[in-house]
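> Residue 765 is where the first sequence starts when you use the working numbering, and the numbers rise one by one after that. Heads up, the beta-carbon is just placed ideally off N, CA and C, and yes, glycines get one too.
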Amino acid sequence: MNIYKTYENELVTALKNISAEFDTSRVVVEQPRDPSHGDMATNAAMVLCKQAGKNPRAFAEELLPLIKELNGVESAEIAGPGFINFRLKQRQWADLLNYILNEGIGYGDTTVGKGQPVNIEYVSANPTGPMHAGHTRGAVIGDTLANLLDKAGYKVTREYYFNDAGTQVDVLARTAHLRYREALGEDIGDIPEGLYPGDYMKEVGQALVKRDGDQWQGKSESEWLVPVREFAVEHMMKMIREDLRLIGIKHDVFTNERDIVESGTLDTAFKFLEDLDLIYTGTLPPPKGKEMEDWEPVPLTLFRSSKFGDQQDRALKKRDGTWAYIMPDIAYHYDKIKRGYNLMLNVLGKDHAGYQERLEPTIDAFSNGDAKLKVIYNSIVKVFKGGELVRFSKRSGNIITLREMVEEVGADVVRFFMMTRTPDAEMEFDFDKVVEQSKDNPVFYVQYAHARCCSVMRNAGEMFPNMDLSVKALSSADLSKIDDEDSLYMIKVMAGWPKMVESAAEAFEPHRIAFYLNDLASAFHSLWSKGRTDTTLRFLDENDAELSRARLALVAGVMTVLASGLAIMGVKPVEEMHG
RNA sequence: GGUCCCAUAGCUCAACCGGAUAGAGCAAUUGCCUUCUAAGCAAUAGGUUGUAGGUUCGAGUCCUACUGGGAUCGCCA
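1. Which stretch, first to last residue, makes up the alpha helix (DSSP H) that contains G1295?
2. So, with DSSP's three-state summary, where would you put D1134?
3. List the endpoints of the continuous alpha helix (DSSP H) containing T743.
4. Does P820 pass the burial test, meaning 16 or more other C-beta atoms within 10 Å, or should it be called exposed?
5. Could you tell me the alpha carbon to alpha carbon distance between H896 and M1264, rounded to whole angstroms?
6. Tell me which residue opens and which closes the alpha helix (DSSP H) that P820 is part of.
7. May I ask which residues mark the beginning and end of the alpha helix (DSSP H) holding D1176?
8. If you compare alpha carbons, which of V811, M1091, T1126 and L1040 is closest to F1072?
9. On a CA-only basis, which of A1213, A889, E794 and F1195 is nearest V1325? Give me that one, please.
10. Can S839 and G898 be called in contact, C-beta distance under 9 angstroms?
11. By DSSP, does E923 sit in helix, in strand, or in coil?
12. State the CB to CB distance for the pair L942 and I952, rounded to an integer number of angstroms; the pair is presumed to be in contact (CB under 8 angstroms).
13. Rounded to the nearest angstrom, what separates S1328 and I1255 at their Cα positions?
14. By Cβ distance below 7 angstroms, which residues in the same chain neighbour S783 in space, the five residues on each side in sequence not counted?
15. Can you look up W988 in the DSSP assignment and give me helix, strand or coil?
16. According to DSSP, is W1261 helix, strand or coil?
17. According to the neighbour-count rule (16 or more other Cβ atoms, all chains shown, within 10 Å of its Cβ), is L775 buried or exposed?
18. I need the straight-line Cα distance from P845 to F1193, nearest angstrom please.
19. Go ahead and label K1245 buried or exposed: buried means 16 or more other beta carbons lie within 10 angstroms of its beta carbon, across all protein chains shown.
20. To the nearest angstrom, report how far apart E785 and N835 are at their CA atoms.
21. Less than 9 angstroms between the beta carbons of D1196 and F1228, yes or no?
22. From the DSSP output, which residues share a beta bridge with R1302?
23. Taking C-alpha atoms, which residue in D963, S984, A996 and A947 lies nearest to G977?
24. In whole angstroms, what separates the C-alpha of D1308 from that of R1222?
25. Which residue wins for smallest C-alpha separation from A1354, given the options P894, T1032 and V997?
26. Inspect the beta-carbon positions of E720 and S1219 and report whether they are closer than 9 angstroms.
27. Which of the three DSSP states is assigned to M1091 in this structure?
28. CB-CB under 7 angstroms to L1153, same chain, minus the five flanking residues each way: which ones, in chain order?
29. Please confirm if the stretch 1181–1193 is in contact with the stretch 1271–1280, defined as three or more CB-CB distances below 8 angstroms between the two stretches.
30. Indicate the three-state DSSP secondary structure (helix, strand or coil) for R1222 in the structure shown.
31. Given this structure, state the Cα-to-Cα distance separating G917 from S1267, to the nearest angstrom.
32. Less than 8 angstroms between the CB atoms is what I'm expecting for N890 and E923, so what's the real figure, rounded?
33. What residues match up with Y1141 in a beta bridge as DSSP calls it?
34. Would you call the CB atoms of I869 and G1321 closer than 9 angstroms?
35. Over what stretch of residues does the beta strand (DSSP E) that includes N849 continue unbroken?
36. Buried or exposed for Y1105, please, with buried defined as at least 16 other CB atoms from any protein chain shown within 10 angstroms of its CB.
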């Protein structure tokens, strides 16, 4: 239940009673930024004044009685350019709190997704090494977005796509074979240029020895390449899945390029485009603004993407006749559409800019315009350690792994922190700051609020040993006793949760949840502190069990909403803080 | 050169399909721990939202041009 939406609907109904002609699509009821403006505000007069042929304030005068008659409205007034602000009776807020307690963790669930299947692809790193800091942000964004859309009523599939066929994977196989020889006791010296130098490859070699013994030793590459490659890919994927599990990420579906090709999906997709006369043989113009020494015009198999607004047509085959990288991706999205996804989200690094635009034409063609791909690009994370920028370099093997991050600062910090910026913005992850100055890390602030709630409950248990502190029991408290301004404000912040879920889901912007939780925690910390100086505002009053019960209901509500939000973030709602 | 993204307080960032006096945290200054956990609270200060126009009841948000920063362009992935 979104209380603002409820009032908006009631208001629209009332407006239609005045005149069925009104276009009320832009009428909204929302929470004013400034609480002194009241509980709710509507722009109805300003939006409709033209249709009514009146000036905004005069029209607002006419609408005022309408507002005052809405259920539970205590007062209403006109402000600014024609806003109508109104306040609700205490009872409305008490009822809302009761509702929250009854909904529990499911408070904020909405149906805006209408059960629509949505495919969220994220991480999708190729199996050539462990997860590192650079992968982490996209992983967290994707997973949080999936949680969010799930709560918003979509049918979510979390998908991982990897390439197990390209040159990168052959390099992996060669590295694995070298480490395999090492594990068999050969002195391999330094890892040659062009192979993966990381130590994580050692265990691959050892595992291969364990499985296959020395049967690949001294054989030619053509003999061992395929089996070793397969083994190494499998091993890497296992490693990646374990890494992701460290931050609570588990994909539903893994799809690989080889399957796309071998199952014939790629050929089918290509033929589909051919049949639509979108494939031809031609020559591309030389790339602009870039020195290309080895460029020469060659006839290639091209896709008429320019017909769909692309800058130029795209090559689908290389000059040697093999598929260009884009073709398997095209086929992969063809496959997604065939699997019933009309909404496909893809979380990618910003270096993939243009991916959406390159794939959109084919997606339009495959789905007849019904399917939509939305790529969420995220900027890089700069990792600082010991005051210095850590550069990622696979070559040197000098990478900060996801595992290291989790071991040093914990999964909760990693997950929450990654969500405190819009995906677009670059961010800095400073190990020292995150550990030393906890104020720099909002996850503590939010978790602390939850821990404080738990603390109040524990104290209540001591003060009133016979009181039933279950959420259900507390919801029967006399909530009319909650009438101080700060407590009511607390409820109003909670009232905004369903709307936050909806708007964040519609915009595909999960980071808003983090900011909301911060606000919610802030309201609670403030309320708590009021009780330090003014004992009449404490949650617990030894001499008034009923009042205590009512206030504990409020605390339980805060706990519930915090837990509900933290669930989306994939962060644990802790019961006490340590250290 | 084309395309896309970004520009908001000293720093890092918010601002809910365009709403009222643009908000937090950090850094600065000042109060609050015999009182439900001070990883907290309260307060002060800090702004021509890069520049110039436009659209309208109303613009940080939309449009145009410009300035500055980043990414991208391919038969690479």
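The relevant details are as follows:
1. In the first sequence, residue 1295 corresponds to position 531, counting from 1. The continuous alpha helix (DSSP H) containing G1295 extends over residues H1275 to T1297.
2. In the first sequence, the residue the question calls residue 1134 occupies position 370. Judged by DSSP in its simplified three-state form, D1134 adopts coil rather than helix or strand.
3. In the structure displayed, the chain extends from 765 to 1343; residue 743 sits before or after that span and is not available.
4. By 1-based counting over the first sequence, the position of residue 820 is 56. Counting of Cβ neighbours within 10 angstroms places P820 among the buried residues, the total reaching 16 or more.
5. Stepping through the first sequence from its first residue, residue 896 is reached at position 132. Stepping through the first sequence from its first residue, residue 1264 is reached at position 500. So the two alpha carbons sit approximately 31 angstroms from each other.
6. The residue you call residue 820 lines up with position 56 of the first sequence. From DSSP, the alpha helix (DSSP H) with P820 extends over P820 to K832.
7. As a first step, residue 1176 must be located in the first sequence, where it is residue number 412. D1176 -> alpha helix (DSSP H) spans A1175 to M1182.
8. Within the first sequence, numbered from 1, the residue matching residue 1072 stands at position 308. It is T1126.
9. To locate residue 1325, count along the first sequence from 1; it is residue 561. Comparing Cα positions, the closest option is A1213.
10. Reading the first sequence from its first residue, position 75 is the one you call residue 839. Reading the first sequence from its first residue, position 134 is the one you call residue 898. No Cβ-Cβ contact shorter than 9 angstroms links S839 with G898.
11. As a working mapping, residue 923 is identified with position 159 in the first sequence. E923 falls in the strand class under three-state DSSP.
12. If you number the first sequence from 1, residue 942 lands on position 178. If you number the first sequence from 1, residue 952 lands on position 188. Confirmed, about 5 angstroms.
13. Position 564 of the first sequence, counted from the start, is the residue given in the question as residue 1328. Position 491 of the first sequence, counted from the start, is the residue given in the question as residue 1255. Straight-line Cα distance between these residues: approximately 15 angstroms.
14. Sequence index remark: in the first sequence, residue 783 carries index 19 (1-based). Excluding sequence neighbours, S783 sits near nothing in its chain.
15. Counting from 1 along the first sequence, the entry for residue 988 is found at position 224. If DSSP states are grouped into helix, strand and coil, W988 belongs with the helices.
16. Reading the first sequence from its first residue, position 497 is the one you call residue 1261. Secondary structure at W1261: helix, using DSSP grouped into helix, strand and coil.
17. Numbered from its first residue, the first sequence carries residue 775 at position 11. Buried.
18. Residue 845 sits at position 81 when you count from the first residue of the first sequence. Residue 1193 sits at position 429 when you count from the first residue of the first sequence. About 44 angstroms.
19. In the first sequence, residue 1245 corresponds to position 481, counting from 1. Buried: at least 16 other Cβ atoms inside 10 Å.
20. Taking the first residue of the first sequence as position 1, residue 785 is located at position 21. Taking the first residue of the first sequence as position 1, residue 835 is located at position 71. Cα-Cα distance, rounded: 24 angstroms.
21. Your numbering for residue 1196 matches position 432 in the first sequence. Your numbering for residue 1228 matches position 464 in the first sequence. One thing to note: D1196 has its Cβ no nearer than 9 angstroms to the Cβ of F1228.
22. Taking the first residue of the first sequence as position 1, residue 1302 is located at position 538. Paired residues: none, contrary to the question.
23. The sequence position of residue 977 within the first sequence is 213, counting from 1. The shortest C-alpha separation from G977 is found at A947.
24. Counting from 1 along the first sequence, the entry for residue 1308 is found at position 544. Counting from 1 along the first sequence, the entry for residue 1222 is found at position 458. Their Cα atoms are separated by approximately 17 angstroms.
25. Since the first and last residues shown for the chain are 765 and 1343, residue 1354 lies out of range.
26. Any question about residue 720 goes unanswered here, given that the chain covers just 765 to 1343.
27. As a first step, residue 1091 is located in the first sequence; it is residue number 327 there, counting from the start. The answer is helix: DSSP assigns M1091 an H, G or I state.
28. Position 389 of the first sequence, counted from the start, is the residue given in the question as residue 1153. If we look at L1153 and ignore the five residues flanking it on each side, its Cβ neighbours are K1146.
29. Judged by Cβ distances under 8 angstroms, the stretch 1181–1193 makes contact with the stretch 1271–1280, as three or more pairs qualify.
30. Numbered from its first residue, the first sequence carries residue 1222 at position 458. R1222: helix per DSSP, three-state reduction.
31. What you label residue 917 is simply residue 153 of the first sequence in a count that begins at 1. What you label residue 1267 is simply residue 503 of the first sequence in a count that begins at 1. Distance between the alpha carbons of G917 and S1267: 13 angstroms.
32. Start at 1 with the first residue of the first sequence, and residue 890 comes out as number 126. Start at 1 with the first residue of the first sequence, and residue 923 comes out as number 159. The pair is not a contact, with the Cβ atoms about 15 angstroms apart (cut-off 8 angstroms).
33. Your numbering for residue 1141 matches position 377 in the first sequence. L1112.
34. If you number the first sequence from 1, residue 869 lands on position 105. If you number the first sequence from 1, residue 1321 lands on position 557. Judged by beta-carbon spacing, G1321 lies beyond the 9 angstroms limit of I869, meaning their Cβ atoms are not closer than that value.
35. Counting from 1 along the first sequence, the entry for residue 849 is found at position 85. For N849, the enclosing beta strand (DSSP E) has its first and last residue at F847 to L852.
36. The sequence position of residue 1105 within the first sequence is 341, counting from 1. A residue is called buried when at least 16 other Cβ atoms come within 10 angstroms of its Cβ; Y1105 meets this threshold and is buried.
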